[in-house]
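A.B. asks: Got a structure for you, written out below as structure tokens; questions coming shortly.
There are 2 protein chains.
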Amino acid sequence: MTIQLNERQEKIVDIVKRSQPITSEAIASELKLTRSTLRPDLAILTMSGILDARPKVGYFYTGKTSLSYISEKIKNIKVSDVKSVPIVVDESTSLYDAIVLMFLEDVGSIYVTSKGFLSGVVSRKDFLRNAMGGMDLNKVPIGMIMTRMPNIVYVDLEDSVLNAAVKLIDHEIDSLPVVEEDEKNYKVVGRITKTTITRLFVELGKND
Amino acid sequence: MTIQLNERQEKIVDIVKRSQPITSEAIASELKLTRSTLRPDLAILTMSGILDARPKVGYFYTGKTSLSYISEKIKNIKVSDVKSVPIVVDESTSLYDAIVLMFLEDVGSIYVTSKGFLSGVVSRKDFLRNAMGGMDLNKVPIGMIMTRMPNIVYVDLEDSVLNAAVKLIDHEIDSLPVVEEDEKNYKVVGRITKTTITRLFVELGKND
Chain A
1 MTIQLNERQE
11 KIVDIVKRSQ
21 PITSEAIASE
31 LKLTRSTLRP
41 DLAILTMSGI
51 LDARPKVGYF
61 YTGKTSLSYI
71 SEKIKNIKVS
81 DVKSVPIVVD
91 ESTSLYDAIV
101 LMFLEDVGSI
111 YVTSKGFLSG
121 VVSRKDFLRN
131 AMGGMDLNKV
141 PIGMIMTRMP
151 NIVYVDLEDS
161 VLNAAVKLID
171 HEIDSLPVVE
181 EDEKNYKVVG
191 RITKTTITRL
201 FVELGKND
Chain B
1 MTIQLNERQE
11 KIVDIVKRSQ
21 PITSEAIASE
31 LKLTRSTLRP
41 DLAILTMSGI
51 LDARPKVGYF
61 YTGKTSLSYI
71 SEKIKNIKVS
81 DVKSVPIVVD
91 ESTSLYDAIV
101 LMFLEDVGSI
111 YVTSKGFLSG
121 VVSRKDFLRN
131 AMGGMDLNKV
141 PIGMIMTRMP
151 NIVYVDLEDS
161 VLNAAVKLID
171 HEIDSLPVVE
181 EDEKNYKVVG
191 RITKTTITRL
201 FVELGKND
């Protein structure tokens with residue numbers, strides 16, 4: 001929970017940032033107000049830790065900002081809070097069947113398992129590249145074209161969504177499998193996509 | 001700019017929410033503290049407008065929260081602040097050439113123009129559907145398979161990014177052309193995608 005500063009408090013912070021250390025007399029004279037008018041504002045700003053007051057020296061700015069508050073909020077959202085259901089097929093599935101499933105489920109990526117554990121990831125881009133190549137989509141198993149472990153980027157349930165979003169951007173991918181480790185193998189328990197992040201952005205933005 | 005409340009202040013807000021109106025004596029006794037210990041906290045909470053104090057009645061909760069602050073911040077970001085460069089082809093371009101361009105530019109959607117104005121949009125999903133259909137990709141112009149005006153969802157430069165994100169989610173699309181109107185036609189001046197939103201989410205989250 002946070003407090004929104006009023007306009008005068010914001011002005012005081014600007015003045016202190018610019019001219020620190022600065023006395024309350026100097027702030028009051030710059031704002032053409034009396035010291036007693038400023039007293040409640042300065043009390044809020046120091047009690048909250050935005051400004052620091054040193055006797056006989058004046059006020060200092062401590063550097064707390066609202067953006068660090070937003071970032072704190074975002075860092076506290078976990079993968080397990082927002083993940084969606086993963087669409088999973090076995091390595092032996094044909095490319096054709098996998099593409100049909102992708103359209104049916106309307107997802108951008110499919111996860112591939114071998115004996116129930118994560119072995120690969122295939123994106124719409126991979127499918128398109130192979131469909132262009134003119135191969136017989138019914139005869140090629142998905143295991144032939146997928147990105148394989150250990151080249152798969154994934155997250156676990158306890159990761160922050162921020163960390164997941166960073167991975168999506170840094171690796172230029174659309175989707176991350178959410179995994180649970182089971183004796184050095186990985187079970188697929190969810191997915192995080194750019195749609196997940198966009199939906200979360202909308203929720204944060206609409207909340208009032 | 002905002003103030004982060006401390007743990008005791010958050011507790012006070014919770015108590016007031018639950019038992020309003022409530023006197024400072026009652027809050028102090030619930031927290032097993034003296035009234036004078038609470039005084040600075042109650043001062044911050046009332047001066048900032050989170051709590052309202054009425055003489056002889058007690059404290060009320062006014063309903064201000066941090067989430068509304070985040071949402072305010074998000075609503076102030078405009079499409080023009082974050083848009084990327086659009087990838088545009090003419091309607092006469094072959095499907096094959098358009099797909100190659102999409103791979104070269106590594107984008108998920110391509111915008112189509114006729115006489116320089118927006119006439120259609122094609123996504124990776126549209127390309128895949130048609131590549132599966134077995135048509136001769138060199139002979140079919142992109143104008144044959146694109147989503148046409150007036151069925152295109154778009155935004156303009158002055159729209160909020162929040163509004164763009166809502167459109168992406170509501171219409172289940174990956175990309176929005178950013179347009180400028182020119183006598184009832186639209187020039188394509190940018191694009192907003194789920195990648196744009198994910199990147200923005202990372203920026204908001206990393207900022208400290």
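Protein chains in written order, with full-length UniProt numbering: chain A, 1 to 208; chain B, 1 to 208.
Every residue, glycine too, gets a C-beta built ideally from N, C-alpha and C.
1) Compute the Euclidean distance between the alpha carbons of residue 26 of chain A and residue 60 of chain A, then round it to the nearest angstrom.
2) Just the C-alpha distance for residue 97 of chain A and residue 171 of chain B, rounded to the nearest angstrom, thanks.
3) Between which two residues does the beta strand (DSSP E) harbouring residue 118 of chain A extend?
4) Name the two residues that bound the continuous alpha helix (DSSP H) containing residue 96 of chain A.
5) Got a sec? Which residues, its chain only, sit under 8 angstroms from residue 11 of chain A by beta carbon, not counting five neighbours each side?
6) Apart from the five residues just before and just after residue 92 of chain A, which ones in its own chain have a Cβ nearer than 6 angstroms to its Cβ?
7) If you drop the 5 nearest sequence neighbours on each side, which residues of the same chain put their C-beta closer than 6 angstroms to that of residue 138 of chain A?
8) Reducing DSSP to helix, strand and coil, say where residue 78 of chain B ends up.
9) Does any residue of chain B bring its CB to less than 8 angstroms from the CB of residue 195 of chain A?
10) Can you tell which of B:57, B:168, B:81 and B:148 has the C-alpha that lies nearest to the C-alpha of residue 19 of chain B?
11) Any contact of the segment 155-163 of chain A with the segment 183-201 of chain A, i.e. 3+ C-beta pairs under 8 angstroms?
12) Contact criterion: CB-CB distance below 8 angstroms. Does residue 201 of chain B meet it with respect to chain A?
13) Are any of the Cβ atoms in chain B nearer than 8 angstroms to that of residue 208 of chain A?
14) When the cut-off is 8 angstroms and only beta carbons count, does residue 125 of chain B lie next to chain A?
15) So with Cβ pairs under 8 angstroms, would you call residue 198 of chain A a contact of chain B?
16) Excluding the 5 residues preceding and the 5 following residue 89 of chain B in the sequence, name in chain order all residues of the same chain whose CB lies nearer than 7 angstroms to its CB.
17) Measure the alpha-carbon distance for residue 132 of chain A versus residue 132 of chain B and round it to whole angstroms.
18) Give the DSSP-derived three-state secondary structure of residue 163 of chain A in the structure shown.
19) Please identify, using Cβ separations under 8 angstroms, the residues of the segment 110-142 of chain B that lie next to chain A, in order along the chain.
20) Can you pull the chain B neighbours of residue 145 of chain A, defined as C-beta to C-beta under 7 angstroms?
21) For residue 198 of chain B, count neighbouring Cβ atoms within 10 angstroms of its own Cβ and tell me buried if that reaches 16, exposed if not.
22) Taking a contact to mean a Cβ-Cβ separation below 8 angstroms, would you say residue 184 of chain A touches residue 168 of chain A in this structure?
23) Buried or exposed for residue 51 of chain A, please, with buried defined as at least 16 other CB atoms from any protein chain shown within 10 angstroms of its CB.
24) List the residues of chain A whose Cβ lies closer than 8 angstroms to the Cβ of residue 162 of chain B, in chain order.
25) Kindly indicate which three-state DSSP category residue 130 of chain B falls into: helix, strand or coil?
26) So, helix, strand or coil for residue 205 of chain B, using DSSP?
27) Measuring only the C-alpha atoms, how far is residue 144 of chain B from residue 163 of chain A?
28) Does DSSP put residue 177 of chain B in a helix, in a strand, or in coil?
29) Report the CB separation of residue 86 of chain A from residue 150 of chain A in whole angstroms; it is logged as a contact under 8 angstroms.
30) Tell me the DSSP bridge mates of residue 113 of chain B?
31) Quick check: is the beta carbon of residue 83 of chain A nearer than 8 angstroms to any beta carbon in chain B?
32) Can you tell me the Cα-Cα spacing of residue 126 of chain B and residue 108 of chain A, whole angstroms?
33) Are the beta-carbon atoms belonging to residue 116 of chain A and residue 152 of chain A less than 8 angstroms from one another?
34) Hey, how far is the Cα of residue 42 of chain B from the Cα of residue 7 of chain A?
35) Alpha carbon to alpha carbon, how far is residue 23 of chain B from residue 46 of chain A?
36) Using the beta-carbon of each residue, which ones in chain B are nearer than 8 angstroms to residue 99 of chain A?
C.D. replies: Quick answer:
1) Translated into the one-based positions of the first sequence, residue 26 of chain A becomes position 26. Translated into the one-based positions of the first sequence, residue 60 of chain A becomes position 60. C-alpha separation (whole angstroms): 13 angstroms.
2) As a working note, residue 97 of chain A is residue 97 in the first sequence. As a working note, residue 171 of chain B is residue 171 in the second sequence. For residue 97 of chain A and residue 171 of chain B, the distance between alpha carbons rounds to 26 angstroms.
3) Taking the first residue of the first sequence as 1, we reach residue 118 of chain A at position 118. Here the beta strand (DSSP E) through residue 118 of chain A covers 117-123.
4) As a position in the first sequence, residue 96 of chain A is number 96, starting the count at 1. Per DSSP, residue 96 of chain A belongs to the alpha helix (DSSP H) from 95-105.
5) Translated into the one-based positions of the first sequence, residue 11 of chain A becomes position 11. Correct list, in chain order: 31.
6) In the first sequence, counting from the first residue as 1, residue 92 of chain A sits at position 92. Here the set comprises 141.
7) The residue given as residue 138 of chain A occupies position 138 in the first sequence. So the qualifying residues of the chain are 94 and 96.
8) As a first step, residue 78 of chain B is located in the second sequence; it is residue number 78 there, counting from the start. Strand.
9) Here residue 195 of chain A refers to the residue found at position 195 when the first sequence is read from its first residue. For residue 195 of chain A, the answer is yes, since a Cβ of chain B falls inside 8 angstroms of its Cβ.
10) Translated into positions along the second sequence, residue 19 of chain B becomes position 19. Here the closest residue by C-alpha is B:57.
11) yes
12) Here residue 201 of chain B corresponds to residue number 201 of the second sequence, with the count starting at 1. True, the Cβ-Cβ gap to chain A drops below 8 angstroms.
13) As a working note, residue 208 of chain A is residue 208 in the first sequence. Because residue 208 of chain A carries a pLDDT of 47, less than 50, the predicted location of this residue cannot be relied on, and the following value inherits that uncertainty. So yes, residue 208 of chain A belongs to the interface.
14) Along the second sequence, one-based indexing puts residue 125 of chain B at 125. For residue 125 of chain B, the answer is yes, since a Cβ of chain A falls inside 8 angstroms of its Cβ.
15) One-based indexing of the first sequence puts residue 198 of chain A at position 198. With 8 angstroms as the cut-off, residue 198 of chain A counts as an interface residue toward chain B.
16) On the second sequence, position 89 is the one that residue 89 of chain B refers to. 98, 101, 110, 112 and 142, listed in sequence order.
17) Here residue 132 of chain A refers to the residue found at position 132 of the first sequence. Here residue 132 of chain B refers to the residue found at position 132 of the second sequence. Taking the straight line joining both Cα atoms gives about 9 angstroms.
18) As a first step, residue 163 of chain A must be located in the first sequence, where it is residue number 163. Helix.
19) 124, 125, 127, 128, 129, 131, 132 and 137
20) As a working mapping, residue 145 of chain A is identified with position 145 in the first sequence. Going along chain B, no residue has its Cβ under 7 angstroms from residue 145 of chain A, so there is no contact; the nearest lies around 14 angstroms.
21) Reading the second sequence from its first residue, position 198 is the one you call residue 198 of chain B. Buried, because 16 or more other Cβ atoms sit within 10 Å of the Cβ of residue 198 of chain B.
22) Taking the first residue of the first sequence as 1, we reach residue 184 of chain A at position 184. Taking the first residue of the first sequence as 1, we reach residue 168 of chain A at position 168. Against a cut-off of 8 angstroms, the Cβ pair of residue 168 of chain A and residue 184 of chain A comes out as no contact.
23) As a first step, residue 51 of chain A must be located in the first sequence, where it is residue number 51. That one is buried.
24) For the purposes of this step, residue 162 of chain B is taken as residue 162 along the second sequence, with counting starting at 1. By Cβ distance, chain A contributes 201, 202, 205 and 206.
25) Here residue 130 of chain B refers to the residue found at position 130 of the second sequence. In this structure, residue 130 of chain B counts as helix in the three-state DSSP scheme.
26) Taking the first residue of the second sequence as 1, we reach residue 205 of chain B at position 205. It is helical.
27) Looking up residue 144 of chain B in the second sequence gives position 144. Looking up residue 163 of chain A in the first sequence gives position 163. When rounded, the distance between both Cα atoms is 41 angstroms.
28) As a working note, residue 177 of chain B is residue 177 in the second sequence. Strand.
29) For the purposes of this step, residue 86 of chain A is taken as the residue at position 86 of the first sequence. For the purposes of this step, residue 150 of chain A is taken as the residue at position 150 of the first sequence. Contact flag wrong, Cβ pair sits at about 19 angstroms.
30) Here the question's residue 113 of chain B lines up with position 113 in the second sequence. DSSP output for residue 113 of chain B lists B:90 and B:118 as bridge partner(s).
31) Looking up residue 83 of chain A in the first sequence gives position 83. No, residue 83 of chain A does not count as interfacial toward chain B.
32) Here the question's residue 126 of chain B lines up with position 126 in the second sequence. Here the question's residue 108 of chain A lines up with position 108 in the first sequence. Straight-line Cα distance between these residues: approximately 12 angstroms.
33) One-based indexing of the first sequence puts residue 116 of chain A at position 116. One-based indexing of the first sequence puts residue 152 of chain A at position 152. No.
34) Locating residue 42 of chain B in the second sequence gives position 42, counting from the first residue. Locating residue 7 of chain A in the first sequence gives position 7, counting from the first residue. Residue 42 of chain B and residue 7 of chain A: Cα-Cα distance of roughly 21 angstroms.
35) As a working mapping, residue 23 of chain B is identified with position 23 in the second sequence. As a working mapping, residue 46 of chain A is identified with position 46 in the first sequence. So the alpha carbons of these two residues sit roughly 25 angstroms apart.
36) As a first step, residue 99 of chain A must be located in the first sequence, where it is residue number 99. What residue 99 of chain A touches in chain B: 128 and 132.
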